[in-house]
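Working notes for the structure below.
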Amino acid sequence: METVELKVEMVGIHEKRLRKCLSKLRGIEKVEVDGNSHKVVVTGYAHRNKILKAVRRVGLKAEFWSPQNDLLHAYTHASSYGTSFRFNNFSFF
136 METVELKVEM
146 VGIHEKRLRK
156 CLSKLRGIEK
166 VEVDGNSHKV
176 VVTGYAHRNK
186 ILKAVRRVGL
196 KAEFWSPQND
206 LLHAYTHASS
216 YGTSFRFNNF
226 SFF
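This is how it looks when you write it as structure tokens:
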């Protein structure tokens, strides 16, 4: 079983469309959608490129999740609340 993480640019109404298109793929066990960070985690036996292609086919902009996305999400979250962000004893802001 493989876990694929995607960054998908979406708004709230796209979540239902996203879940529907991914549930049609053979081998998909679970779909988790985090609308705040635009992160989608798909667990199953489907190939990662087929999952990405299915999301793009319904008109959503998607790419594979990278560790940089976690850092960018933490930056935007911390800056919106006016707090500082510390990562491994380094203060970013």
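First residue of the sequence shown? That's 136 in this note's numbering, and the numbers climb one at a time after it. A virtual CB, placed ideally from N, CA and C, is assigned to each residue, including glycine. Being a predicted model, the structure only gives us computed values, none of them experimental.
Test item: CB-CB of residue i and residue j under 9 angstroms
| i | j | result |
| --- | --- | --- |
| V176 | L153 | no |
| V146 | G170 | yes |
| L187 | E144 | no |
| L157 | E198 | no |
Helix, strand or coil at residue i according to DSSP, with G and I counted as helix
| i | result |
| --- | --- |
| V146 | coil |
| F227 | Because the pLDDT at F227 is just 48, under 50, the model does not fix this residue reliably, and the value given afterwards should be weighed accordingly. Of the three classes helix, strand and coil, the one that applies to F227 here is coil, per DSSP. |
| K165 | strand |
| L195 | coil |
| L157 | helix |
Given residue i as reference, the closest of the options once Cα atoms are compared
| i | options | result |
| --- | --- | --- |
| G179 | V168, L160, S201, I148 | L160 |
| H173 | K185, K165, N184, H149 | H149 |
| V120 | V139, S201, R192 | Nothing can be reported for residue 120, as the shown portion of the chain is limited to 136 through 228. |
| K165 | M136, P202, W200, S201 | M136 |
| W200 | N184, K151, R192 | N184 |
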